[in-house]
Amino acid sequence: MSKNDAYGIVNELERTIRRPVNPTVMSADRWGNGTDGFVTDLRRHPPVDLIVQDAEPLPA
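FYI, in our numbering the residues of the sequence shown are 2 to 61.
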């Protein structure tokens, strides 16, 4: 997936959930090497699922 495709999905998600989304794009090597502090923190404290009910997407 290209960065442009990913950011397009993020923009659509933000409109749907009416919340900002701050994506981080990284290589598979960075994700898998086990030494990156950001990745280590994500693994220790995984994201929380967000449930949105009855939300109408915001206009583009």
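Glycine included, each C-beta is placed from N, C-alpha and C at the ideal position.
The three-state secondary structure of D37, taken from DSSP, is coil. In this chain, N23 is not harboured by any alpha helix (DSSP H), its DSSP state being neither H nor E. Secondary structure at R19: coil, using DSSP grouped into helix, strand and coil. Taking the CA atoms as reference points, V26 sits about 7 Å from K4.
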